[in-house]
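Q: Starting off with a structure, shown below.
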Amino acid sequence: MLLSVLLSPLVGAAAGLSAGMFGVGGGLVIVPALVLCFAALGVAPEIIMPLALGTSLTTIVVTSISSVHAHHAMGNVDWLVWRRLSPGIVVGVVVGVQTAASLPAGIMKTAFGLFALIIAAQMAFQLQPAGKRNLPGRTGLSLAGTIIGFFSALFGIGGGSLTVPFLSFCEVRMQQAVATAAACGLPIAVAGMLSNIAVGFSVQSLPKFSTGFVYWPAVLGIVIASVPCARMGARLAQRLPPLVLKRCFAGFLCVIGIFFSLGA
């Protein structure tokens, strides 16, 4: 318990700084950091990944509310698109949580490592899909939401790294794409939190102060530290070259990706 109280704010600070400086959701930092923390706490190896994913998604509930409020105040959220994406997102998250809980720990770590490497390549080489078509209809958006929700739950992220490229591909203005993606982070996080609590509720080897696959001391420490550090990261981002920042973070993600891909 003491170790988690000491480490969680550090994880939150790192996640907040990365989100503010690089525009990438903190889940890519929170999940690997929690995996290491839970290993140090002696958590059973087979539940470390589900516990890290569920805890990461729960922290996003709080941070996404603040983000959505800010984007809504600027009038950038497309609520019609959000309403059409959200049902599919919820379905995808529920299936993703169940998949993450049922897969062997080694496969989950390798999958997370490969995902981190993909995001690293996207950031390092500025890979963005060229706009090729308009937004699909209700059914198409629901299907897209299901895919976004599934992989967001599988990797414990808020979905921005998936939603923004999809909306950009559909020729949505970038400010609106970012804002709508931030709004989509809320149903991802809420559905992810509730699903992880339900799926892990009967697991016997959970650490104390857990509810299902959500470890509350880590949630509290991360949330408290991440919010002010996100503001600090945003200020730092204004002073440093954006491409250099992104490539530095891409290098960091490469290390994480290789580390997890090798089954660490």
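Residue 311 in my numbering is what sits at position 260 of the sequence shown, and the numbering runs on without skipping anything. In this text, a Cβ means the ideal position worked out from N, Cα and C, and glycines have one as well.
#1: Take V144 as the anchor and find which of V241, S261 and W267 has the nearest alpha-carbon.
#2: Would DSSP call S261 helix, strand or coil?
#3: Note down the Cα distance separating V274 from T110, rounded to an integer number of angstroms.
#4: Among C299, F311 and V229, whose alpha-carbon lies nearest the alpha-carbon of A171?
#5: For G308 and G302, what's the separation of their Cα atoms in angstroms?
#6: Starting from F217, trace the alpha helix (DSSP H) in both directions and tell me its first and last residue.
#7: Considering only the beta carbon of each residue, do V132 and L68 sit closer than 9 Å?
#8: Measuring only the C-alpha atoms, how far is G119 from I158?
#9: What residue range is occupied by the uninterrupted alpha helix (DSSP H) comprising P138?
#10: Alpha carbon to alpha carbon, what distance is there between V82 and L104?
#11: Quick check on the DSSP output: the alpha helix (DSSP H) that includes N247 runs from which residue to which?
#12: Find the nearest neighbour of M125 within the set P138, A230, F310 and S261, judged by alpha-carbon distance.
#13: Start and end of the alpha helix (DSSP H) containing S256?
#14: Leaving out five residues before and five after L168 in sequence, what residues of the same chain have Cβ atoms less than 6 Å from its Cβ?
#15: Quick one: give me the first and last residue of the alpha helix (DSSP H) that F176 is part of.
#16: Of all the options T114, A195 and G207, which has the alpha carbon lying nearest to the alpha carbon of Q149?
#17: Starting from A95 and walking both ways along the alpha helix (DSSP H), at which residues does that stretch end?
#18: Can you give me the Cβ contacts of A95 inside the same chain, cut-off strictly under 6 Å, excluding the 5 residues immediately before and after it?
#19: Ordered along the chain, which non-local residues of its own chain (more than five positions away) have a Cβ less than 7 Å from that of F89?
#20: When you compare only the Cα positions, how much space is there between L61 and F310?
#21: Could you give the C-beta distance for F202 and G164, rounded to a whole number, given that I count them as a contact under 8 Å?
#22: Compare the C-alpha of L178 against each of T197, I199, L313 and V215 and name the closest.
#23: Check this for me: beta carbons of L205 and A151, under 9 Å apart or not?
#24: Report yes if the C-beta distance between P268 and S59 is below 9 Å; otherwise report no.
A: Taking the definition as stated:
#1: Within the sequence shown, the letter at position 93 stands for residue 144. If we check each option's Cα against that of V144, V241 comes out closest.
#2: By one-based count along the sequence shown, residue 261 stands at place 210. If DSSP states are grouped into helix, strand and coil, S261 belongs with the strands.
#3: By one-based count along the sequence shown, residue 274 stands at place 223. By one-based count along the sequence shown, residue 110 stands at place 59. In a straight line, the C-alpha of V274 is about 6 Å away from that of T110.
#4: For this step, residue 171 is matched to residue 120 along the sequence shown. Selected option, being the one with the closest Cα: C299.
#5: For the purposes of this step, residue 308 is taken as the residue at position 257 of the sequence shown. For the purposes of this step, residue 302 is taken as the residue at position 251 of the sequence shown. Rounded to the nearest angstrom, the two C-alpha atoms are 10 Å apart.
#6: Locating residue 217 in the sequence shown gives position 166, counting from the first residue. Here the alpha helix (DSSP H) through F217 covers G211 to F220.
#7: Taking the sequence shown and counting its residues from 1, the one referred to as residue 132 is at position 81. Taking the sequence shown and counting its residues from 1, the one referred to as residue 68 is at position 17. The answer is no: Cβ separation not under 9 Å.
#8: Reading the sequence shown from its first residue, position 68 is the one you call residue 119. Reading the sequence shown from its first residue, position 107 is the one you call residue 158. A quick correction: the sequence has Val, not Gly, at residue 119. Distance between the alpha carbons of V119 and I158: 33 Å.
#9: By 1-based counting over the sequence shown, the position of residue 138 is 87. Where P138 is concerned, the enclosing alpha helix (DSSP H) stretches over W130 to S153.
#10: For this step, residue 104 is matched to residue 53 along the sequence shown. For this step, residue 82 is matched to residue 31 along the sequence shown. Each residue's alpha carbon lies about 6 Å from the other.
#11: Counting from one through the sequence shown, the residue named residue 247 turns up at place 196. First-last of the alpha helix (DSSP H) with N247: M225 to G251.
#12: As a first step, residue 125 is located in the sequence shown; it is residue number 74 there, counting from the start. Measuring from the Cα of M125, the nearest candidate turns out to be A230.
#13: As a position in the sequence shown, residue 256 is number 205, starting the count at 1. S256 -> no alpha helix (DSSP H), and no H or E assigned at all.
#14: Taking the first residue of the sequence shown as position 1, residue 168 is located at position 117. Around L168: G308.
#15: The sequence position of residue 176 within the sequence shown is 125, counting from 1. Neither: F176 is in no alpha helix (DSSP H) and is coded neither H nor E.
#16: Within the sequence shown, numbered from 1, the residue matching residue 149 stands at position 98. For the residues T114, A195 and G207, the minimum Cα distance to Q149 belongs to G207.
#17: The residue labelled residue 95 in the question sits at position 44 within the sequence shown. A95 -> no alpha helix (DSSP H), and no H or E assigned at all.
#18: Within the sequence shown, numbered from 1, the residue matching residue 95 stands at position 44. Same-chain partners within the cutoff: S256.
#19: For the purposes of this step, residue 89 is taken as residue 38 along the sequence shown, with counting starting at 1. Result list for F89: I99, L102 and A103, in chain order.
#20: Start at 1 with the first residue of the sequence shown, and residue 61 comes out as number 10. Start at 1 with the first residue of the sequence shown, and residue 310 comes out as number 259. Approximately 20 Å between the Cα atoms of the pair.
#21: Sequence index remark: in the sequence shown, residue 202 carries index 151 (1-based). Sequence index remark: in the sequence shown, residue 164 carries index 113 (1-based). So it is not a contact: roughly 14 Å between Cβ atoms.
#22: Start at 1 with the first residue of the sequence shown, and residue 178 comes out as number 127. The residue with the shortest Cα to Cα distance from L178 is V215.
#23: Numbered from 1 along the sequence shown, position 154 holds the residue referred to as residue 205. Numbered from 1 along the sequence shown, position 100 holds the residue referred to as residue 151. Yes.
#24: Within the sequence shown, the letter at position 217 stands for residue 268. Within the sequence shown, the letter at position 8 stands for residue 59. Yes. Within cutoff.
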